[in-house]
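Student:
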Amino acid sequence: KLQDRERHLAKMKEMKKVLGEQFREKEEQRLQEFLDRKRVQSTSFGPQEDDEFRQILYKQRTDKIKMLGKEIKNQIDSKKMVYDASKNMQMEVEKHQNKNINKFLADEALDAKQRK
């Protein structure tokens, strides 16, 4: 029963994914058709972009800028996390090295005392 449920859930996830992709493709196609229709409006001064078209382009550009900003922020955060982890690891290594050096020096001092 558990395997059947897992298979069913996997099928549902796959179907959701396919439907989501189809929906996205249809929306992109509709937007592209709209943009193709609205792209240029003739005036006596020559071609001029439709106001709606400019607004759509502006929204697309601002959305892309926001998305890129988020990606850059995520990259900076991940690099900072790696740097912090590396720094912490280096501190741990130094702590263990100091501990080993102190132990070695203590052993040497003990050996020197025992030799006398």
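Quick note: the sequence shown uses our numbering, first residue 11, plus one each step.
Ideal Cβ placement from N, Cα and C applies to all residues, glycine included.
So, are the CB atoms of Leu41 and Phe63 less than 8 Å apart?
Tutor: No, Cβ-Cβ distance for Leu41 and Phe63 is not below 8 Å.
Student: Roughly how many angstroms lie between the CA atoms of Lys69 and Val92, to the nearest whole one?
Tutor: 34 Å
Student: Starting from the C-beta of Lys126, find all residues in its chain whose C-beta is less than 6 Å away, skip the five residues before and the five after it, and write them out in chain order.
Tutor: none
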